[in-house]
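One structure is given below, encoded as structure tokens.
There are 2 protein chains.
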Amino acid sequence: MRKSVTILDIAKVVNVSPATVSRVLSNSNYPVSAELRRKIKSAAKELNYTPNLLGRQLKTNNSMTIGIIIPSISNPFYSSIVLGVEEIARANSYQVLLCNSHQNVNLEKQFLQTMLEKQVKGVIISSISAEKNFLRQFSDKGICVISIDQHREGEDIYQINYDYRKGGFMAANHFVECGHTKIAFVTAPLDRPSRIHMFRGFRDALRESRILFKDCYLQISETQESTNYNSNFEFDNGKRLARQLMELSERPTAVLACNDLTALGFIYELNLLGIRVPDDVSVIGFDNIDFSNISMPPLTTVDHPKYEMGKFSCSMLFQVLNGENVNVTEIVLQPKLVIRSSVRVL
Amino acid sequence: MRKSVTILDIAKVVNVSPATVSRVLSNSNYPVSAELRRKIKSAAKELNYTPNLLGRQLKTNNSMTIGIIIPSISNPFYSSIVLGVEEIARANSYQVLLCNSHQNVNLEKQFLQTMLEKQVKGVIISSISAEKNFLRQFSDKGICVISIDQHREGEDIYQINYDYRKGGFMAANHFVECGHTKIAFVTAPLDRPSRIHMFRGFRDALRESRILFKDCYLQISETQESTNYNSNFEFDNGKRLARQLMELSERPTAVLACNDLTALGFIYELNLLGIRVPDDVSVIGFDNIDFSNISMPPLTTVDHPKYEMGKFSCSMLFQVLNGENVNVTEIVLQPKLVIRSSVRVL
DNA sequence: CTGTTAGCGCTTTCAA
DNA sequence: TTGAAAGCGCTAACAG
Numbered sequence: 001m002r003k004s005v006t007i008l009d010i011a012k013v014v015n016v017s018p019a020t021v022s023r024v025l026s027n028s029n030y031p032v033s034a035e036l037r038r039k040i041k042s043a044a045k046e047l048n049y050t051p052n053l054l055g056r057q058l059k060t061n062n063s064m065t066i067g068i069i070i071p072s073i074s075n076p077f078y079s080s081i082v083l084g085v086e087e088i089a090r091a092n093s094y095q096v097l098l099c100n101s102h103q104n105v106n107l108e109k110q111f112l113q114t115m116l117e118k119q120v121k122g123v124i125i126s127s128i129s130a131e132k133n134f135l136r137q138f139s140d141k142g143i144c145v146i147s148i149d150q151h152r153e154g155e156d157i158y159q160i161n162y163d164y165r166k167g168g169f170m171a172a173n174h175f176v177e178c179g180h181t182k183i184a185f186v187t188a189p190l191d192r193p194s195r196i197h198m199f200r201g202f203r204d205a206l207r208e209s210r211i212l213f214k215d216c217y218l219q220i221s222e223t224q225e226s227t228n229y230n231s232n233f234e235f236d237n238g239k240r241l242a243r244q245l246m247e248l249s250e251r252p253t254a255v256l257a258c259n260d261l262t263a264l265g266f267i268y269e270l271n272l273l274g275i276r277v278p279d280d281v282s283v284i285g286f287d288n289i290d291f292s293n294i295s296m297p298p299l300t301t302v303d304h305p306k307y308e309m310g311k312f313s314c315s316m317l318f319q320v321l322n323g324e325n326v327n328v329t330e331i332v333l334q335p336k337l338v339i340r341s342s343v344r345v346l
Numbered sequence: 001m002r003k004s005v006t007i008l009d010i011a012k013v014v015n016v017s018p019a020t021v022s023r024v025l026s027n028s029n030y031p032v033s034a035e036l037r038r039k040i041k042s043a044a045k046e047l048n049y050t051p052n053l054l055g056r057q058l059k060t061n062n063s064m065t066i067g068i069i070i071p072s073i074s075n076p077f078y079s080s081i082v083l084g085v086e087e088i089a090r091a092n093s094y095q096v097l098l099c100n101s102h103q104n105v106n107l108e109k110q111f112l113q114t115m116l117e118k119q120v121k122g123v124i125i126s127s128i129s130a131e132k133n134f135l136r137q138f139s140d141k142g143i144c145v146i147s148i149d150q151h152r153e154g155e156d157i158y159q160i161n162y163d164y165r166k167g168g169f170m171a172a173n174h175f176v177e178c179g180h181t182k183i184a185f186v187t188a189p190l191d192r193p194s195r196i197h198m199f200r201g202f203r204d205a206l207r208e209s210r211i212l213f214k215d216c217y218l219q220i221s222e223t224q225e226s227t228n229y230n231s232n233f234e235f236d237n238g239k240r241l242a243r244q245l246m247e248l249s250e251r252p253t254a255v256l257a258c259n260d261l262t263a264l265g266f267i268y269e270l271n272l273l274g275i276r277v278p279d280d281v282s283v284i285g286f287d288n289i290d291f292s293n294i295s296m297p298p299l300t301t302v303d304h305p306k307y308e309m310g311k312f313s314c315s316m317l318f319q320v321l322n323g324e325n326v327n328v329t330e331i332v333l334q335p336k337l338v339i340r341s342s343v344r345v346l
């Protein structure tokens, strides 16, 4: 590969200053005569010029790149978010660096640091960290961070959240309305705001209905550390939870899972164990991922507007980056019950 | 935000030259006295120094970033690939720019151009372009491009491919072995190598078995241009294909779908239409995505090692970038039949 | 309208 | 083992 051609080469050929070349080739609106414009452009084409954006970036201190940090792209919940983010980024001529944190706080921190060093001006993150002001530390260093999905309590930072409590509440209530009283929540460990709030909503709904069921909470027992987190992970959790359920002395008739993937695995295993859904056990999932209606029976679930969350967060990011007045610093998206066929009416 | 601190600031504080500071802070193995090393490091910490990688990148002409271009991240087939790519990239301290081409050739071209300008040294791409030497043009400009999944005929370029023909062949043969004779292929348009080869294998298998069925090929009729390509897209294709199937004068008893998502949509719609799988119609999918075994019945499918494809391609990329001798320029991954419960034995 | 010039922050010869 | 200095490719203030 030969030496690459720069604006200097073009300047020489056309016999103008590099400044003029820069002005036309960078699409600045600085006045340049039509004559020179034409010449410079044709010379650029002639020489097969490819601008080196690193030069511009160093000068303007703008990398035209944003970052997104999520647990795992192979989880369809997050890939929907990323799709939305990338769409808005592209509309703004930005590109996105994808970081899978694999639920690892140290990795999250490392990614954030790298974003800082690469002069990424904005990052969208669904953080698993419980550390107080964890994200604030980074936004203080001059990077705009938008937290999504996982509510950051009392942290002064831009947030796009989702009302998990209400979602859990609605789901539990739906069970109650359908006549269920033995209602359980099956979940991965409550190690993050989303699940905690979901469970609270669930519990509150049961309390309000004066329903008490001793085994109303079932958590995955073995914590499987997986460096290679993929969608099977949650699905397998669901399968294991189904097996745990079998060992209960008194079995619930209705089960809310912490997400659709878990619900799907749960139903899958139940089928294998000869337990019918919804005849024997009713199930509600959470998130309404695309796949939630391909199970048999189609899954009743609580909708989460993930794609929109991706778009909103990225739009907000650009508003901030463009110095627009952003007076709303937190948005809370709303749940919606999607009734399909996995809940039996008693 | 105040002016950021640079190695110059540190140099002043410690009273050494910026060169020395650079040498210790960039982890070069250049000899620097332990004394200065310590002082410089502590000063860096003191001043809360964050290196600006743009400076280094411009100088060394290495952006420590690779790109991946795929149709859509919301398709679980591609998100598995991306997961593998990101894993290897991270192991090499690189990061990955994610580009969704939405099956749009112009977008692909645009992304490739941007990669070039951003001085990305390597890109992995599942290209939908049929243009001859499309990728070669870019690799000639000094970027290492690795083509994955879509075989590039006669193009001198690194490729990680998959034997779609054999996969199609195996699937069709399985139907034959199970006693089927009315066998059909349902698919989105054959606009790319993967589907074309898959269909060829399918057809060849039937020919060898001297099976001839007039409606053995069913293609999605309305081409739905979607700027917002998500996993529902393929799923909906499957649903529509199921409806098209109903209108056939003579219905096949066995159907191979061009991918699992399509198969899943196909089965879903069949269920709604009161047609039982596999009792009335047997179905084989393709790719073996995580979700292919959550359908009812669990889908028999042809495995595609997508995650490994992502890892292999990225490993190959780094071999090339590191100047290692890469004498194998094409790898072809092999299909494997995964028998579950969606095929009836006649 | 056009050119001169001084960097952006960093690395890397080369000389000491 | 350290420092001086040039320069990666580009932009932008300033002067003309």
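Line order of the protein sequences matches chains F and C. For the first sequence, the positions run 1 to 346 when the UniProt record's numbering is used. For the second sequence, the positions run 1 to 346 when the UniProt record's numbering is used. Note that beta-carbon positions come from the ideal geometry of N, C-alpha and C, so glycine has one too.
Judged by DSSP secondary structure, Glu330/C falls within the beta strand (DSSP E) whose first and last residues are Glu330 to Leu333.
Any Cβ of chain F closer than 8 Å to the Cβ of Thr50/C would place that residue at the interface, and such an atom is present. The shortest C-alpha to C-alpha distance from Gly179/C to any of Leu346/C, Val5/C, Ala11/C and Asp9/C is the one to Leu346/C.
Taking all protein chains shown into account, Tyr158/C has 16 or more neighbouring C-beta atoms within 10 Å of its C-beta and is therefore buried. Residue-level contact by beta carbon holds for Thr114/C and chain F, with a gap shorter than 8 Å. Taking a beta-carbon distance threshold of 8 Å, Lys118/F counts as an interface residue toward chain C. Neighbours of Glu86/C in chain F, taken as residues at a C-beta separation under 9 Å, are given in chain order as Ile73, Leu98, Cys99 and Asn100. For Leu264/F, the chain C residues whose C-beta falls within less than 7 Å of its own C-beta are Ile294, listed in chain order. The residues Phe169, Ala172 and Asn173, in chain order, have a CB closer than 6 Å to that of Ala205/C in the same chain once the five nearest residues on each side in sequence are set aside. Distance from the CA atom of Asn161/F to the CA atom of Met309/F, rounded to whole angstroms, is 8 Å. Beta-bridge analysis with DSSP links Phe286/F to Val302/F.
Here the alpha carbon of Val85/C sits roughly 47 Å from the alpha carbon of Arg207/F.
With a cutoff of 8 Å on beta-carbon distance, Phe233/C and Ala257/C are scored as not near each other. Partner residues in the beta bridge of Ser147/F, as assigned by DSSP, are Ile125/F and Gln159/F. Contact check for Phe266/F and Leu241/F: beta-carbon distance about 6 Å, within the 8 Å limit, so the pair qualifies. Counting only the Cα atoms, Glu155/C lies some 33 Å from Gly55/F.
For Val255/F, the enclosing beta strand (DSSP E) starts and ends at Ala254 to Ala257. Per DSSP, reduced to three states, the secondary structure at Leu261/F is helical. Shortest Cα-Cα distance from Lys311/F to any of Thr65/F, Arg37/F, Glu87/F and Ser72/F involves Glu87/F. Residue environment: Arg23/F is assigned as buried (16 or more neighbouring CB atoms within 10 Å of its CB, all protein chains considered).
Residue pairing by DSSP places Phe185/F opposite Tyr217/F and Leu256/F in a beta bridge. Contact between the segment 67-74 of chain F and the segment 105-112 of chain F is present, with at least three C-beta pairs closer than 8 Å. Only those residues of the segment 309-325 of chain C whose C-beta falls short of 9 Å from the nearest C-beta of chain F would be listed, and there are none. Within the same chain, and ignoring the five residues on either side of Asp303/F in sequence, the residues whose Cβ sits closer than 6 Å to its Cβ are Asn288, Lys336 and Val338.
In terms of beta-carbon proximity, Tyr162/C stays away from the interface with chain F, with every pair separated by 8 Å or more. According to the DSSP assignment, Leu98/F belongs to the beta strand (DSSP E) that extends over Gln95 to Asn100. Counting every other CB atom within 10 Å of its CB across the protein chains shown gives Ala19/C a total below 16, marking it as exposed.
Using a Cβ-Cβ cut-off of 7 Å, Gly201/F is close to nothing in chain C; its nearest Cβ partner there is about 26 Å away. Rounded to the nearest angstrom, the Cβ distance from Phe199/F to Phe213/F is 14 Å, too far for a contact under 8 Å. Counted as a single uninterrupted DSSP element, the beta strand (DSSP E) harbouring Val338/C occupies residues Lys336 to Val338. A Cβ-Cβ distance of about 6 Å is found for the pair Leu47/F and Asp9/F, placing them in contact under the 8 Å criterion. With distances taken between CA atoms, Asp280/F lies nearest to Val343/F out of Val343/F, Tyr164/F, Leu135/F and Val32/F. Around the beta-carbon of Asn237/C, 16 or more other beta-carbon atoms lie within 10 Å, marking it buried. At a cut-off of 8 Å between beta-carbon atoms, Gln137/F makes no contact with chain C. Taking 8 Å as the CB threshold, Lys121/C stays off the interface with chain F. Secondary structure of Ile73/C (DSSP, three-state): coil.
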